[in-house]
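A.B. asks:
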Amino acid sequence: MEKTRPSPLILPTILLFLLLLSSFSSFALGERRREPCKHLVLYFHDILYNGRNLANSTSAIVGVPAWGNRTILADLKHFGDVVVFDDPITLDNNLHSEPVGRAQGLYLWDSKEFYTAWLAFSFVLNSTDHKGTINFMGADPTTVKTRDISVVGGTGDFFMARGVATLMADAYEGTVYFRLKVDIKIYDCY
Amino acid sequence: MEKTRPSPLILPTILLFLLLLSSFSSFALGERRREPCKHLVLYFHDILYNGRNLANSTSAIVGVPAWGNRTILADLKHFGDVVVFDDPITLDNNLHSEPVGRAQGLYLWDSKEFYTAWLAFSFVLNSTDHKGTINFMGADPTTVKTRDISVVGGTGDFFMARGVATLMADAYEGTVYFRLKVDIKIYDCY
Amino acid sequence: MEKTRPSPLILPTILLFLLLLSSFSSFALGERRREPCKHLVLYFHDILYNGRNLANSTSAIVGVPAWGNRTILADLKHFGDVVVFDDPITLDNNLHSEPVGRAQGLYLWDSKEFYTAWLAFSFVLNSTDHKGTINFMGADPTTVKTRDISVVGGTGDFFMARGVATLMADAYEGTVYFRLKVDIKIYDCY
Numbered sequence: 102m103e104k105t106r107p108s109p110l111i112l113p114t115i116l117l118f119l120l121l122l123s124s125f126s127s128f129a130l131g132e133r134r135r136e137p138c139k140h141l142v143l144y145f146h147d148i149l150y151n152g153r154n155l156a157n158s159t160s161a162i163v164g165v166p167a168w169g170n171r172t173i174l175a176d177l178k179h180f181g182d183v184v185v186f187d188d189p190i191t192l193d194n195n196l197h198s199e200p201v202g203r204a205q206g207l208y209l210w211d212s213k214e215f216y217t218a219w220l221a222f223s224f225v226l227n228s229t230d231h232k233g234t235i236n237f238m239g240a241d242p243t244t245v246k247t248r249d250i251s252v253v254g255g256t257g258d259f260f261m262a263r264g265v266a267t268l269m270a271d272a273y274e275g276t277v278y279f280r281l282k283v284d285i286k287i288y289d290c291y
Numbered sequence: 102m103e104k105t106r107p108s109p110l111i112l113p114t115i116l117l118f119l120l121l122l123s124s125f126s127s128f129a130l131g132e133r134r135r136e137p138c139k140h141l142v143l144y145f146h147d148i149l150y151n152g153r154n155l156a157n158s159t160s161a162i163v164g165v166p167a168w169g170n171r172t173i174l175a176d177l178k179h180f181g182d183v184v185v186f187d188d189p190i191t192l193d194n195n196l197h198s199e200p201v202g203r204a205q206g207l208y209l210w211d212s213k214e215f216y217t218a219w220l221a222f223s224f225v226l227n228s229t230d231h232k233g234t235i236n237f238m239g240a241d242p243t244t245v246k247t248r249d250i251s252v253v254g255g256t257g258d259f260f261m262a263r264g265v266a267t268l269m270a271d272a273y274e275g276t277v278y279f280r281l282k283v284d285i286k287i288y289d290c291y
Numbered sequence: 102m103e104k105t106r107p108s109p110l111i112l113p114t115i116l117l118f119l120l121l122l123s124s125f126s127s128f129a130l131g132e133r134r135r136e137p138c139k140h141l142v143l144y145f146h147d148i149l150y151n152g153r154n155l156a157n158s159t160s161a162i163v164g165v166p167a168w169g170n171r172t173i174l175a176d177l178k179h180f181g182d183v184v185v186f187d188d189p190i191t192l193d194n195n196l197h198s199e200p201v202g203r204a205q206g207l208y209l210w211d212s213k214e215f216y217t218a219w220l221a222f223s224f225v226l227n228s229t230d231h232k233g234t235i236n237f238m239g240a241d242p243t244t245v246k247t248r249d250i251s252v253v254g255g256t257g258d259f260f261m262a263r264g265v266a267t268l269m270a271d272a273y274e275g276t277v278y279f280r281l282k283v284d285i286k287i288y289d290c291y
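Residue numbers (the working numbering), protein chains in the order written: chain A, 102 to 291; chain B, 102 to 291; chain C, 102 to 291.
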């Protein structure tokens, strides 16, 4: 009798201790897991207004440097051009697929020496799978194969989202059309 | 005697287990509470420069598409217009109430088909109640009754704030004046 | 015998309770520590294009109000001027030191009454010490000695960073050159 009595207490105590340790290692010691709690891969398509494609363009140059104009990207690696966009988002790389939302915001070209851009925009998603917005900001050195920008917030299905999005040029045609693949990893879910 | 002895140990063990479970359910399993830890309702007032109201205007068109100009919002749902603003913030819906701060940043109109905007701005609050800044970003489909944008950061009284702000058009007069009600819910407090 | 038996269980129980309490005080009760987990002090240098310094300028006016132009900052406290920049970042206050990265994005002047700006930009760091990006947003009332803006995200070495950056004017020459000291405190590390 004496020997078996403590066991019903020792067992939960050990269990508690292990649970607590795992809780501590992930929270108190700052070693949070790096596995995304949400993961989406989406494409968006940008057709820049060039003076002749008003009907099907999805973006327009609205800020230019002193040497620029609004119907063609500026010399010096497009430095200073600011573009406002409202681009369709699709699940695959086909411009004509049914859009699941719109990418809306601005990008700008910010170097005279390299083709490098900077973006601040929202994904406004409205499909059977996802309703809500994801907000992004970051640098986009377009000649690098993959570029990471920040997911700085979200609403709806993406309430309080934070994470990293990896951009990849999926296609471009001259300076008028490009398609970006966006690999969105949310690490902070609510 | 034998029957009552374990009780002083079983009680704290059960208590611990319940505490641990609640700790786990809120942190490890990602089910954090959705109650705001800070909540503010504020109004801001935007008077757009139209070429004749320099003295009392609080915003100005500074970027335009090829078909636009800086003293009137552009055709095609104002697509491409970029507006810089420095708008008074008030506690109620009266433009002439004592301001508690300024809303500063930019918004832009980003669709040719719908009146939809995109904003990135700061609330710079300086009153007896609040000193600090709140930084916002998000899409604003203006024809929808309420629109959620992200609180992406804060300083001062709003140190490290994160949350969601719900925008509501509270009034507008033509294209020159509008008033937004902003319901700010901070879920991440320090 | 009866008296000593509970002790091997009471000890871990007390230990557990204390650990749990400390876990609770830091997470459940919202009292997170305010000590930065990463801390950097950097400088960046902005040389504004004025129509005559194309080769060595690092920024350009790209949006202007109706009364502005792109080669000189506008009247009325530069209200409405939008500047795109690609500024070298250095470890000390010397413009000619080896850059450790580039500050890229935009700032705008947003008041007719005060010299106050608003910024949204990225630090793109690429040195032996740091590889990655830090994304910033916030109001910059330039006449105040120190101004706090938000670190809204990061990538690479600054994966998921959040924090506050304190800006200080370190030098300026007319309206063409300024140097900002940026004291970056990251409170959310992964």
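Virtual Cβ for every residue (Gly too), placed ideally from N, Cα, C.
These numbers were taken from a predicted model, which means no experiment stands behind them.
#1: Which residues in the same chain as Ala175/A place their Cβ atom closer than 7 Å to its Cβ, once the five residues preceding and following it in sequence are excluded?
#2: List the residues that DSSP assigns as beta-bridge partners of Asn328/C.
#3: Taking Arg171/C as the query, report the chain A residues whose CB atoms sit under 7 Å from its CB, ordered along the chain.
#4: Residue range of the beta strand (DSSP E) that Lys49/C falls in?
#5: What residue does the beta strand (DSSP E) around His140/A start on, and which one ends it?
#6: Between Asp249/A and Gly264/C, is the Cβ-Cβ spacing less than 8 Å?
#7: The beta strand (DSSP E) spanning Arg248/B covers which residue range?
#8: If you follow the beta strand (DSSP E) that Val163/A is in, where does it begin and where does it stop?
#9: Count the other CB atoms within 10 Å of the CB of Asp188/A; is the residue buried (16 or more) or exposed (fewer)?
#10: Give every residue of the same chain whose Cβ lies closer than 6 Å to the Cβ of Ser251/C, excluding the five residues on either side of it in the sequence, and list them in chain order.
#11: Apart from the five residues just before and just after Ser223/A, which ones in its own chain have a Cβ nearer than 8 Å to its Cβ?
#12: Pair every Cβ in the region 267-275 of chain B with every Cβ in the region 273-282 of chain C, then say whether three or more of these pairs are closer than 8 Å.
#13: To the nearest angstrom, how far is the alpha carbon of Thr217/C from that of Gly202/B?
#14: Of the choices Thr159/C, Pro200/C, Tyr288/C and Ile190/C, whose alpha-carbon is the least far from that of Ala262/C?
#15: So if DSSP puts Asp188/A in a beta bridge, which residue, or which two residues, is it bridged to?
#16: Let's test the definition: count the other Cβ atoms within 10 Å of the Cβ of Gly254/A and tell me whether it reaches 16, buried, or not, exposed.
#17: Any beta carbon of chain C sitting closer than 8 Å to that of Leu226/B?
#18: Can you give me the C-alpha to C-alpha distance between Tyr144/C and Ile285/C, rounded to a whole angstrom?
#19: To the nearest angstrom, how far is it from the Cα of Ser198/A to the Cα of Ala156/A?
#20: Between the beta-carbon of Phe186/B and the beta-carbon of Ser160/B, is there less than 8 Å?
#21: What in chain C is Cβ-close to Thr217/A, meaning under 8 Å?
#22: Does the beta-carbon of Ile111/B have 16 or more other beta-carbons within 10 angstroms, so that it is buried, or is it exposed?
#23: Report buried or exposed for Gly131/A, applying the criterion of at least 16 other Cβ atoms within 10 angstroms of its Cβ.
#24: Would you mind working out which of Pro242/A, Thr276/A and Phe259/A sits nearest Thr267/A, comparing C-alpha positions?
#25: From which residue to which residue does the beta strand (DSSP E) around Ala270/B run?
#26: I'd like to know whether the C-beta of Tyr288/A is nearer than 8 Å to at least one C-beta of chain C.
#27: Tell me whether the beta-carbon of Trp210/A lies closer than 8 Å to the beta-carbon of His179/A.
#28: When you compare the CB positions of Val184/A and Tyr208/A, do they come within less than 8 Å of one another, or not?
C.D. replies: Looking at the coordinates:
#1: Closer than 7 Å at the Cβ level, and outside the excluded window around Ala175/A, lie Val165, Pro166, Trp168, Gly169, Gly181 and Asp182.
#2: With chain C running from 102 to 291 in the structure shown, residue 328/C is simply not present.
#3: Pro166 and Ala167
#4: Because residue 49/C is not part of the residues shown, which for chain C are 102 to 291, the question remains open.
#5: Lys139 to Ile148
#6: no
#7: Arg248 to Gly257
#8: First-last of the beta strand (DSSP E) with Val163/A: Ser160 to Gly164.
#9: buried
#10: For Ser251/C, where only same-chain residues beyond five positions count, the Cβ hits under 6 Å are Met238 and Gly239.
#11: Only residues of its own chain outside the window of five on either side were considered, and among them Ala204, Gln205, Gly206, Thr234, Ile235, Asn236 and Phe237 have a CB closer than 8 Å to the CB of Ser223/A, listed in chain order.
#12: no
#13: Taking the straight line from one Cα to the other gives about 14 Å.
#14: Tyr288/C
#15: Ala204/A
#16: buried
#17: no
#18: 11 Å
#19: 18 Å
#20: The answer is yes: Cβ separation under 8 Å.
#21: Asp187 and Gln205
#22: exposed
#23: Only weak support is given to the placement of Gly131/A: the predicted model assigns it a pLDDT of 43, under 50, and the value that follows is read from those uncertain coordinates. Looking at its Cβ environment, which holds fewer than 16 other Cβ atoms inside 10 Å, Gly131/A is exposed.
#24: Just measuring C-alpha positions, the residue of Pro242/A, Thr276/A and Phe259/A sitting nearest Thr267/A is Pro242/A.
#25: Arg263 to Glu274
#26: yes
#27: yes
#28: yes
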